[in-house]
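Working notes for the structure below.
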Amino acid sequence: MPDFAGLYRIPDGELPLRDIRYLALVQVDLIALYRRWGRPDVGLDSLVEWLCFAFALPGGGVFAFQREAYNPPTPGFLLSANQVLFSADAAQRLVEALDIPEAALIEVSPEAAV
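To convert, note that position 32 of the sequence shown is 109 in our numbering; the numbers rise steadily by one, no gaps.
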């Protein structure tokens, strides 16, 4: 299991997009993330502009908290992770590693809950 205490930010451009997938919905305030981890990266795809906080762990785990920049369809952020971190247990540990007391796991992907 990766070292969750060694969490660090990476530019969202370093995320291997083909290797990460949706893991969970996390209730966490944008301002709380900003205060703890700095400004989000802003990306644009064919649909919308995204806010992204990308992270890595020693040992190869990478993940991101993302949401639409304007008019997000749900409160909170989508948590996407690579295979190293793709489990319900890892999702909970990632939320705890954010070091934001009010952050909470709302829903875990059924694929990860298995």
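Think of the CB as a built atom: it goes at the ideal place given N, C-alpha and C, for glycine as much as any other residue.
With residue i as the anchor, note down where its beta strand (DSSP E) starts and where it stops.
i	result
GLN104	98-104
ARG86	85-87
If I follow the unbroken alpha helix (DSSP H) through residue i, where does it start and stop?
i	result
ASP176	It is not in any alpha helix (DSSP H) - ASP176 carries neither H nor E in the DSSP assignment.
ALA109	107-114
PRO93	Segment: none, PRO93 is in no alpha helix (DSSP H) and carries neither H nor E.
PRO187	187-190
Between the C-alpha atoms of residue i and residue j, what's the straight-line distance to the nearest angstrom?
i	j	result
ARG144	LEU107	10 Å
ALA181	THR151	14 Å
ALA189	PHE163	6 Å
ASP122	GLY136	29 Å
GLN169	SER157	13 Å
GLU165	PRO187	What sits at residue 165 in the sequence shown is Ala, not Glu. Cα to Cα, ALA165 sits roughly 9 Å from PRO187.
ARG86	LEU124	25 Å
ARG112	LEU175	11 Å
Could you tell me how far apart the beta carbons of residue i and residue j are, in whole angstroms, since I believe they sit closer than 8 Å?
i	j	result
ASP118	PRO88	6 Å
PHE132	ALA141	7 Å
(request) Counting only runs of 3+ residues fully inside the region 118-157, write out the beta strand (DSSP E) ranges in chain order. (result) Listed in chain order, they are 118-121, 126-133, 139-145.
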